[in-house]
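*Asks:* Offset between the sequence shown (1-based) and our numbering: plus 5. Glycine included, each C-beta is placed from N, C-alpha and C at the ideal position.
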Amino acid sequence: MTPRRGTDTGAPAALYVQSHYGFLRASASPEALVQRAHDLGYAALALTDENTLGGVVQAHVAARRCALPLLVGSHWRLRWPALPGGGLTLVAWAADRTGYGALSAWISRLRQRGDGAPLPDDAQALPTHADAAEAPELPGCLLMAVPWAWALPLADDVAWDAALAAVLDWLRARGPDRVWLGVTAEGRLDDAAWQARLVAAARRTGVPAVAAPPVRMTRPDEQPLLDTLTAIRLQRPLAACGLALSANADAHLWPLARWRRRFAPALIDATREIVARCTFRLDELRYEYPPEVVPEGLTPTQHLRALVQDGARRRYPGGVPPRVQAQLEHELALIAELRYEHYFLTVHDIVRFARARDILCQGRGSAANSAVCYCLGITEVDPSQHTLLFERFISRARAEPPDIDVDFEHQRREEVIQYLYAKYGRDRAALAASLIRWQGRSAIRDVGKALGFPPEAVDALARQCRRHEPRDLDASALAAAGLRADDPAVQRWLTLAQALVGAPRHRSQHTGGFVLTREPLTHTVPVVPAAMPGRTVIEWDKDDIDALGLLKVDVLALGMLSALHGALRLVSHWRGRTLTLADIPREDAATYAMIQRADTVGVFQIESRAQMSMLPRLRPACFYDLVVQVAIVRPGPIQGGMVHPYLAARERQRRGEPLQLPREDLRPALERTLGVPIFQEQVMQIAMLAAGFSAEEADALRRAMGAWRRRGELERFEQRLLEGMAARGYDAAFAHAIVRQIRGFGSYGFPESHAASFALLAYASAWLKCHEPAAFLAALINAQPMGFYAPAQLVQDARRHGVEVRPVDVRHSDWDCTLEPRRDDPAQPAVRLGLRLVHGLGEASARHIAAARQERPFADVDDLARRAALDRAALQALARADALQGLAGHRRVQWWAVSGWSPPLALERAAVAEPPAAKAISAVAIGAATNVTPHSAPCTTIVPSRDAPTESTEAAIAPARFCLESPAFRVNTERCGRVKTFSYWISKTDLDDDWQPSPAPMGEDVWQDYAGTGLSLRAHPLALLRSDLPPGPWLSAARLREQPHGRLVATCGLVITRQQPATANGVLFLTLEDETGTVQVIVWRGVQACHTQALRHGRLLAIRGQWQRQGEGEHAVCHLIAGHVQDWSDRLGTLPVASHDFH
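1. In the DSSP assignment, the alpha helix (DSSP H) including Ala767 goes from what residue to what residue?
2. Across which residues does DSSP place Ile441 in a beta bridge pair?
3. Report the residue from Met1007, Ala1028, Ala788 and Ile1126 whose alpha carbon sits nearest the alpha carbon of Val1054.
4. Could you round the C-beta distance between Thr57 and Glu544 to whole angstroms and report it? I think they count as a contact, below 8 Å.
5. Hey, Glu612 and Phe755: beta-carbon distance below 8 Å or not?
6. Please report the straight-line C-alpha distance between Leu824 and Arg655, rounded to a whole angstrom.
7. Do you know offhand how far Arg804's Cα is from Leu569's?
8. Answer yes or no: do Ala902 and Val866 have a C-beta to C-beta separation smaller than 8 Å?
9. Give me whichever residues DSSP pairs with Gln117 in a beta bridge.
10. Excluding five sequence neighbours on each side, which residues of the same chain lie with their C-beta closer than 8 Å to the C-beta of Val576?
11. So, are the CB atoms of His853 and Ala873 less than 8 Å apart?
12. Between the alpha carbons of Leu912 and Thr233, how many angstroms are there, rounded?
13. What whole-angstrom Cβ distance do Arg614 and Gln1048 have, given they're in contact under 8 Å?
14. Quick one: is Ile1061 buried, meaning 16 or more other Cβ sit within 10 Å of its Cβ, or exposed?
15. Can you tell me whether Val1088 is helix, strand or coil according to DSSP?
16. Any Cβ of chain B within less than 8 Å of the Cβ of Ile854?
17. Leaving out the 5 sequence neighbours to the left and right, which residues in its chain are closer than 6 Å to Ala64 when beta-carbon positions are compared?
18. Under the DSSP definition of a beta bridge, which residues are partnered with Phe519?
19. What did DSSP end up calling Pro939 once you bin it into helix, strand or coil?
20. In this structure, how does DSSP classify Met537 when only helix, strand and coil are distinguished?
21. In whole angstroms, give me the CA-to-CA distance for Ser699 and Glu334.
22. Just the Cα atoms here: how many angstroms apart are Leu573 and Ala795?
23. Per DSSP, Phe1074 forms a beta bridge with which residues?
24. Name the residue from Arg1109, Ala198 and Leu148 whose alpha carbon lies nearest to the alpha carbon of Pro181.
25. Using alpha carbons as the reference points, say which of Ala33, Val61, Leu73 and Gln23 lies closest to Ala16.
26. If we call anything under 8 Å between Cβ atoms a contact, is Thr541 one with Arg418?
27. Tell me the rounded alpha-carbon separation between Pro270 and Gly27.
28. Per DSSP, Phe413 forms a beta bridge with which residues?
29. Can you list, in chain order, the residues of its chain with a C-beta nearer than 6 Å to that of Arg757? Leave out the 5 residues immediately preceding and following it.
30. Return the first residue and the last residue of the alpha helix (DSSP H) that Arg872 is part of.
31. So, is Tyr989 buried or exposed, given that buried needs 16 or more other C-beta atoms within 10 angstroms?
32. Look at Phe722 and Ala731 and say whether their C-beta atoms are less than 8 Å apart.
33. Round the Cβ separation of Trp1112 and His1050 to the nearest angstrom and send it over; I've been treating them as touching at under 8 Å.
34. Shortest alpha-carbon distance to Pro590 belongs to which of Gln469, Tyr429, His578 and Ala769?
35. Output the distance between the C-alpha atoms of His1096 and Gly457, rounded to the nearest integer angstrom.
36. Would DSSP call Asp274 helix, strand or coil?
Written out as C-alpha cells, the structure is:
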C-alpha cells in the first residue's frame, strides 16, 4: 500500500489497541489514539475494544481526517482450561464487509445473551459462556491469539507448548491463512524469554507471529488515570487493587525506535501484512431503507407524491396557495434527487399509527421547515403563514439524511415503540445509544472513592462541584469541603477527576432515536439489550449515526402532549362536544392578556422564572409574538446580545416609530423580528444576503454554530463573513456584531420552525388554563411527572384562580383526577384529586377500588378492603392520605380502623398476645402508629410485648417520633417505639364501644397531607407558621407586590424552584411560595458565598433585600434582590416539600 507522506515504510501498525469505549479498561479516546499514532508515523491502527464496536465510528472519523488506515476489530478473553491462567485473548479484525458483519453479529449474540459486560479480571472465574468451543467461524475476519504473559511462571514447558499448539490448531481450522500468534512486550523482565517462546511456538505450528504490544494509553503519563479507572471498575480503593493495577506504563503508543528495539523486523513487517489484507473501512456501510412503507406497484416517489397531494387538499380545502405549491414541488424534487422518499414515508407511517390509536403527536425541529412534512401531517407549522427555510432541513451539499423529531404523549409512547419493533422486527429495529459521560460532580465522586478519601469528604467536595469542573474549584470551595488546597493528595484528586470529565462512563439509550434497516441490523452495528425490558439498543449514538449517514427516526416523549390530550378529553366529556387542538380559537385576547401578566404556571415553555420575567416586557399579543417569546429566552439570543435590542425595538413599535434596519437589503431576513436576528434561519439568511453565502454554505455555517465550542469550527467562517459583508458595503462594526451574535447561537438557539411548533403547544396550553382551568389542572396532575412545578404548586395556583379542588376520597376518586360539578355552580367543574396522588398506592389497587365502587358504594373500611382486595399497606396509604374520611371519619379514626386490619386468613393464623396495659391505649398509641404524636401527649414509649408474636423483627424497631408543636412543625428528636399494627397485641374488644381518638390539630393534618399526597388542601404551611415567626416585617407575596421600587423588605417562603443558568454568570434564581403567591428572588454571587448551605438545601428561607419593580400594573416585573438569607427549614420538621432544583 502507498505510505502516507512522511510515513516510514518500515513503520509498524498497532494491532491491539483499546480505548475508553471499553469502559474503565483504557484511558484514551479513539480520536486521541488515532492522532497520536498519526503523529508518531504509524502505518495503521486497529481499534480492538473488548466485546464492543462502540468507539469505531469516532476512530473512523479521526482516521479519515488524518489519512491514517484504521482496522476495525474487537477482542475477547476465551476460556481454555489447558492453558496457564485458564484462557487466552482472541483478537479479530474485519478484513472485508463480510467479516465486519460477522464480527458485529457475534458481539450482538454475546451481548443479547447477557454476556455483554467485559469478563472479570480473574481468569480462573471466566464464565462458561466464553468457552472457546462456542466461538464462531467469523468468516472474513483475521484472527490473532494472544497468550497471557502473566501466567507464564505457572506453566510447565511441555504442557504449555501442547496447550498452545491445540489453540492454534483450533484457530487454523477456521481458516489456515488468517491466523496469527500475537507476540507481546509489556515491560517485564522476562519479555525477551516470553517472546522467544512465542516465536518458537509459531515456528513449530506454522502459524505466523506478529508484534502485538497491548495499548491502553496514548502516553505513559496516563498511567495514574488508568490505575484510577481500574479501581473504579473493581469498586475498590487503589491501595486494595494489588496486582490488578498496571505493573508499569508500557501500554502506550511507543515511538517507532522503541518498536525496533523490542521486536525483530519480521514481527513488525507482519503488522503491515495484516493491514494490507484488511481492506474494510466503515465508509463501505450502505444504509438501505425498510421497504414495507411502499405499496406494491408504486415507486417510493409516486407514493410520497400521492400522499402529499392528498394531505395538501386536506390542509387547504380552499385550494393550495401558489407559494405553497411551488415549495412542495421544490421539496419533492430534492427529496427524489437525494432518494429520501422512504424516510418521509416511514415517519408518515409512524404518525399514521399514532393517530389511529388516538395518540397525540407533533413533529418539531428543523422538519417544521418542510411543506411536505406539513401536508403529511407530521408537523403543524403552516408554510403559508411562516417564512420557512427548507435548506435548514435538507441540503443537497449535506451528506446526511434529514432529521425529523416527532413528539408523542409520554404516557403512550411505548405503544409507538413496540409498534416499530412489531412492524420491522427486533433484528431490524433498535434504539440509538446515548453515552453518559463523566461530569465534574460524578468524576469527583468516583475518583475520590478510588483514592480512598472518606465518604464525607467525597460528598462535601462533590456538592461544591455542582456547577464547576474540578479544575475550577478554588481554595474557598475546598475549604468549604474541609480540604486544604496545598494538600498534594487533594491536588491529585482534582487532576485525575478533571482528566475523566467528558469521557464515557456508561452507555444508555437515546431518548427515542430509532434506527430501522432493510437487512438485519446486527450486520451493521452490534445490538444489545437495554436496561428497560422490551427494548434493544445499538452501540452507536446520534453523532455516530450522523457520521455514517444512517437513518434515525426520533420517537420522542413530551409530557405536555399527554396533558393537552387529557385536558381536551376532560373538556369534551364535560361540555358534551368534542374539542381538539384544531378547535381551539386562534388569537384569543383573554389568553394573550393572561400571558402578558406572566400568569403562566403550568403553561408549556413559558412557565419558567426567566420566561415569566420576560413576558410582561415583551407582551405577546399574537401567535408570532409567542414564537419569538419561546425562542428569545435561550442561551443563543441572550449571549448574542439580542434580547435588549429586540425589547427596545418592541417599545419603538408600540410608540408607532418606523422599523430600524441595518440595511434595506436585509429586510427579508429581519423585518419579522423588528431588525434583530432571533432565529437560526435568520442567521443563515443574513449570511446569504449580506455576505454572499450559497444556501449550502449557509447550512454549513448553521452546523458550525452548534459545534464551535466543541471543535472550533466556526472560526473558519468568520473571515468569510467579514470579507463578504465588507465587499457589499456593510459597516465593520455591524459585521463584527453579526459575528458576535452568531457566536451566541453556538450555545443554543432555536430554529424558527422549532419555536413555532412549541408555540402552538404553548398557546393551546395557555388557552386551556385561561378558559378551562379545572380540566387543565386535572390533566397536568394526571400527566406527572412533567413540567416545572409539583402538584402542590399547581393546585395552589389553580385555587388562587378560583378552581375548586376536592381531596382524594375512595368514594369518588379514580386513579386519575376527574371533574365533578361545583357546589356553587353545578354547570362548572371542580377537580376531584385522583388516587394516583396517594403515596404508596399502586395503580392496580386504585383500579380495583374504582371497579368495586361501580358495583355499589362502600359501606365501611372492611367492605372496601374485601371488595377491592386491598392489603394492609394499601389501606394504610389511603388512611395516611386521608382518603377514607367518608368511610371512617377523621384521619386518626382512619388509622384506628386500618391499623388492626388483616386479611381473614392472616387473622385466623394469628396468635394474639396482649400486654397487661392493653386498655391504656389512647391517642398516644394512635399517634405512634402513624409516626406522629399530638403535641399535648406525654412522651410515652409504645413497644410490643416480648411474648407477642410478630411477622418479623420490624415490630421491634424504634423509629423517630415527630412531635408537631402547635402549628410550628418543629421536630422532636426524642426517640420512641411503635408497633406496626395493633393486631399484634391489642384487642379492640377491651376498649369502650364509644371510645374514639381525638381529631388531630391542623399542623399534624397538614404534615400528614404532604406525607400522604405531596400537597394539602387545608392550609399552606406558611399560613400556619406565620403567627409563630420571629419578630419582623415578614411580608407575604401579595403584600410584596404592593411595595415601591427600591424599598428594603423581608419575606419568607417555601423554596419551590432553584435555577442557575450557564448564561447568568453564576447568579442564582429562587422562587419562594407562601399562602398568597410566589416571589422571584435574585441572589448575586457574593451573597451566595455567605449563605451557600441555606441557598442550596434550605426548604424554608427568610430573605431580606431590596425590592425591584419595573413597569406598573399587571405588566410590572418584580423581584427581590437578596441581601441576607436565613434557613428556617427546622420549622418544617420533616415536612416533605418538593422543589424543582437546577433543571
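*Replies:* Let's see:
1. In the DSSP assignment, Ala767 falls within the unbroken alpha helix (DSSP H) covering Glu757 to His776.
2. DSSP lists His511 as partners of Ile441.
3. When each option's Cα is compared against that of Val1054, the closest is Ile1126.
4. With 8 Å as the limit, Thr57 and Glu544 qualify as a contact, their Cβ atoms being about 6 Å apart.
5. No, the Cβ-Cβ distance between Glu612 and Phe755 is not below 8 Å.
6. Taken atom to atom, the span from the alpha-carbon of Leu824 to that of Arg655 is near 41 Å.
7. A straight-line Cα-Cα distance of about 20 Å links Arg804 and Leu569.
8. For the 8 Å CB-CB criterion, Ala902 and Val866 form a contact.
9. Answer is none; Gln117 lacks a bridge partner.
10. Cβ neighbours of Val576 beyond the five flanking positions: Leu584, Leu773, Glu777 and Ala780.
11. A contact, by the Cβ cut-off of 8 Å.
12. No answer about Leu912 holds up, because its pLDDT of 35 lies below 50 and its placement is not dependable.
13. Between Arg614 and Gln1048, the beta carbon gap of about 19 Å keeps them out of contact (Cβ cut-off 8 Å).
14. Per the 10 Å Cβ criterion, buried.
15. Shown here, Val1088 sits in a strand according to DSSP, grouped into three states.
16. No chain B is part of this structure, which consists of one protein chain only.
17. Residues of the same chain with a CB within less than 6 Å of the CB of Ala64, apart from the 5 flanking positions on each side, are Pro35, Val39, Leu52 and Leu75 in chain order.
18. Looking at the DSSP output, Phe519 bridges to Leu436 and Val558.
19. Here Pro939 scores only 33 on pLDDT, less than 50, and its place in the model should not be relied on; the value that follows carries that caveat. Here DSSP, grouped into helix, strand and coil, assigns Pro939 to strand.
20. Coil.
21. Their backbone Cα atoms lie some 21 Å apart in a straight line.
22. So the two alpha carbons sit approximately 21 Å from each other.
23. Paired residues: Gln1064 and Ile1087.
24. Of the candidates Arg1109, Ala198 and Leu148, the one whose C-alpha sits nearest the C-alpha of Pro181 is Leu148.
25. Among Ala33, Val61, Leu73 and Gln23, the Cα nearest to that of Ala16 belongs to Leu73.
26. No, these two residues do not count as a Cβ contact at 8 Å.
27. Going from the Cα of Pro270 to the Cα of Gly27 covers about 31 Å.
28. Under DSSP, Phe413 forms a beta bridge with Cys366 and Ala562.
29. It is Glu, not Arg, that sits at residue 757 in the sequence shown. The answer, listed in chain order, is Phe684 and Glu686.
30. In the DSSP assignment, Arg872 falls within the alpha helix (DSSP H) that extends over Val866 to Arg872.
31. Note that Tyr989 scores a pLDDT of 30, beneath 50, so its modelled location is shaky; the value from the coordinates is reported in the next line. Buried, because 16 or more other Cβ atoms sit within 10 Å of the Cβ of Tyr989.
32. Their beta carbons are not under 8 Å apart, which means Phe722 does not touch Ala731 by this criterion.
33. Contact holds; Cβ gap of about 7 Å.
34. Pro590 has its Cα closest to that of Ala769, out of Gln469, Tyr429, His578 and Ala769.
35. Here the alpha carbon of His1096 sits roughly 30 Å from the alpha carbon of Gly457.
36. Helix, per DSSP.
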